[in-house]
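Using UniProt numbering, the first residue of the sequence shown is number 1, and each one after it goes up by one. Beta carbons: idealized from backbone N, C-alpha and C, even for Gly. Quantities reported herein were computed from a predicted structural model and do not represent experimental measurements. Data first, discussion second: the structure below is written as structure tokens.
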Amino acid sequence: MRSDAGETVSYGGSPQAERPLGRSIQRGLLCRCPNCGTGKLFRAFLKPVDHCAACGEDFSHQRADDLPAYLVIVVVGHVLMGGYMLTDMVWRVSPWIHLAIWAPLAVLAAILTIQPIKGGVIGLQWATRMHGFGGEDDTFDPKNDPGRGGPIA
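Next up, the structure:
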């Protein structure tokens, strides 16, 4: 809602800093901190840093888990399958030749895309305040939340 003065009116608590989704994912895809865009996001190939060296943003609680691997499978699989089908229509070669071409390409493409995709997933989590990026404690306590796997009363 906007008031007559043109300023944004918000209800229900303190205003939170804006975290643009597209910019955060793009910075993550570039393996940079989604907050500042300058600090490195990874300390090793797939190990994120605990804190951004430039702005101090905490990444220790991120949980990218298996989503980056699933996305790599979908992206690489679709691109390579399209390439395989196009080359099979143009040149009729033995299945062994296709195996010799497409298996190494699949491995290489997966290795090249897994880190940027994981960075994009971390950027997505940061922008949407998932898994502790919003400042709340999201640890599971069955005594306070019996509906999530605890006994049903």
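Reduced DSSP category for K40 - H, G, I as helix; E, B as strand; rest coil: strand
Cβ pair count under 8 Å reaching 3, the segment 116-128 against the segment 40-50: yes
Inter-residue Cα distance where the pair is P20 and V72: 24 Å
V107, buried or exposed, once every other Cβ within 10 Å from all chains shown has been counted against 16: exposed
D50 (DSSP reduced to helix, strand or coil): coil
Cβ-based neighbour list, I114, same chain, cut-off 8 Å, excluding 5 preceding and 5 following: L46, P68, A69, V72
Distance, M130 Cα to C31 Cα: 19 Å
Sequence-distant residues of the same chain with beta carbon closer than 7 Å to C55, five excluded per side: C33, N35, C36, G39
Where the alpha helix (DSSP H) containing Q125 begins and where it ends: 95-127
Nearest residue (CA-CA) to L112, options A17, L29, G22: L29
Separation of F133 from H61, as counted between CA atoms: 8 Å
R2, buried or exposed, once every other Cβ within 10 Å from all chains shown has been counted against 16: Note on R2: pLDDT 49, under 50, position unreliable in the model; no value is reported.
Three-state secondary structure assigned by DSSP to D66: coil
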